[in-house]
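Worksheet: one structure, shown below.
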Amino acid sequence: MAERTFTDEQLALVLQASRDFAFEQIAQGMPVLPFACVVKPDGEMGFTRFAEPGTDKTPDEVLALTHSEVAKEAASGGLIAAAIISAVKLDQPDDGMDDAIRIQVEAPGFARHFLAYYSVGDAEGGSIPLQAGRLVPFDADPAIFDG
Numbered sequence: 001m002a003e004r005t006f007t008d009e010q011l012a013l014v015l016q017a018s019r020d021f022a023f024e025q026i027a028q029g030m031p032v033l034p035f036a037c038v039v040k041p042d043g044e045m046g047f048t049r050f051a052e053p054g055t056d057k058t059p060d061e062v063l064a065l066t067h068s069e070v071a072k073e074a075a076s077g078g079l080i081a082a083a084i085i086s087a088v089k090l091d092q093p094d095d096g097m098d099d100a101i102r103i104q105v106e107a108p109g110f111a112r113h114f115l116a117y118y119s120v121g122d123a124e125g126g127s128i129p130l131q132a133g134r135l136v137p138f139d140a141d142p143a144i145f146d147g
């Protein structure tokens with residue numbers, strides 16, 4: 001079977017969907033545990049996590065488990081693209097943004113990390129106002145599609 005390649009526009013959709021899903025969770029007051037956005041060979045995109053809030057695992061353990069499980073599925077041919085999303089601790093704010101998430105987007109032949117900065121305000125009526133900041137790309141070595 002020929003390897004399916006992803007266009008820049010398709011990878012941008014994976015990045016945007018991952019960022020939006022993470023920000024929706026943050027706005028609902030949920031903790032940011034590492035999770036993945038996966039794209040199957042038929043083009044179906046979905047989100048998955050390998051631990052739920054309240055887990056005994058540390059965020060680093062959940063991140064390692066997420067990487068391992070997603071890489072296994074990619075190696076078996078079950079994925080054509082993926083993103084792994086996790087919280088980042090900032091040493092200093094970026095343009096007034098106190099928090100960030102890291103989004104690692106990969107497909108065969110493509111790997112990038114992005115920092116998506118954000119800040120949250122005080123809760124109003126059950127939701128938390130979230131202001132999105134800059135999205136900064138970084139070169140990355142593949143960790144999911146590295147075979």
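Going by UniProt numbering, the first residue of the sequence shown is number 1, and it counts up by one from there.
Ideal Cβ placement from N, Cα and C applies to all residues, glycine included.
Next item on the list: Report the three-state DSSP secondary structure of R19 (helix, strand or coil).
Entry: Indexing the sequence shown from 1 puts residue 19 at position 19. In this structure, R19 counts as helix in the three-state DSSP scheme.
Margin query: With DSSP as the reference, identify every bridge partner of P137, one or two as the case may be.
Written below: Against the sequence shown, residue 137 aligns to sequence position 137. In the DSSP output, where bridge partners are listed per residue, P137 has F114.
Next item on the list: Tell me whether the beta-carbon of A22 lies closer than 8 Å to the beta-carbon of V38.
Entry: For the purposes of this step, residue 22 is identified with residue 22 of the sequence shown, where counting begins at 1. For the purposes of this step, residue 38 is identified with residue 38 of the sequence shown, where counting begins at 1. Going by C-beta atoms, A22 is not nearer than 8 Å to V38.
Next item on the list: Indicate whether I84 and I101 have their beta-carbon atoms separated by less than 8 Å.
Entry: Residue mapping note: residue 84 aligns to position 84 of the sequence shown, counting from 1. Residue mapping note: residue 101 aligns to position 101 of the sequence shown, counting from 1. Cβ atoms of I84 and I101: not closer than 8 Å.
Checklist line | Which listed residue (Q104, L115 and I103) has its alpha carbon closest to that of P93 | finding: The sequence position of residue 93 within the sequence shown is 93, counting from 1. Minimum Cα distance to P93 is reached at L115.
Next item on the list: Can you give me the start and stop residues for the beta strand (DSSP E) that residue 158 sits inside?
Entry: One cannot answer for residue 158 here, as it falls past the ends of the chain, which runs 1 to 147.
Next item on the list: Determine which residues share a DSSP beta bridge with G46 and list them.
Entry: Locating residue 46 in the sequence shown gives position 46, counting from the first residue. V38, per the DSSP bridge assignment.
Next item on the list: State the beta-bridge partners of M97 as determined by DSSP.
Entry: Against the sequence shown, residue 97 aligns to sequence position 97. D94.
Checklist line | Rounded separation between M45 and A75 - CA only | finding: Sequence index remark: in the sequence shown, residue 45 carries index 45 (1-based). Sequence index remark: in the sequence shown, residue 75 carries index 75 (1-based). Near 17 Å, if we compare the C-alpha coordinates of A75 and M45.
Check: To which residues does DSSP link E106 through a beta bridge?
Finding: To locate residue 106, count along the sequence shown from 1; it is residue 106. Partner(s): A82 and A111.
Next item on the list: May I ask you to report which of helix, strand or coil DSSP gives V88?
Entry: Position 88 of the sequence shown, counted from the start, is the residue given in the question as residue 88. Reduced to three states, the DSSP call for V88 is strand.
Note to self: Nearest by alpha-carbon distance to S68: which of L130, A132 and P34 is it?
What the structure shows: For the purposes of this step, residue 68 is identified with residue 68 of the sequence shown, where counting begins at 1. Cα-wise, what sits closest to S68 is P34.
Check: Can H113 and A140 be called in contact, C-beta distance under 8 Å?
Finding: Looking up residue 113 in the sequence shown gives position 113. Looking up residue 140 in the sequence shown gives position 140. Going by C-beta atoms, H113 is nearer than 8 Å to A140.
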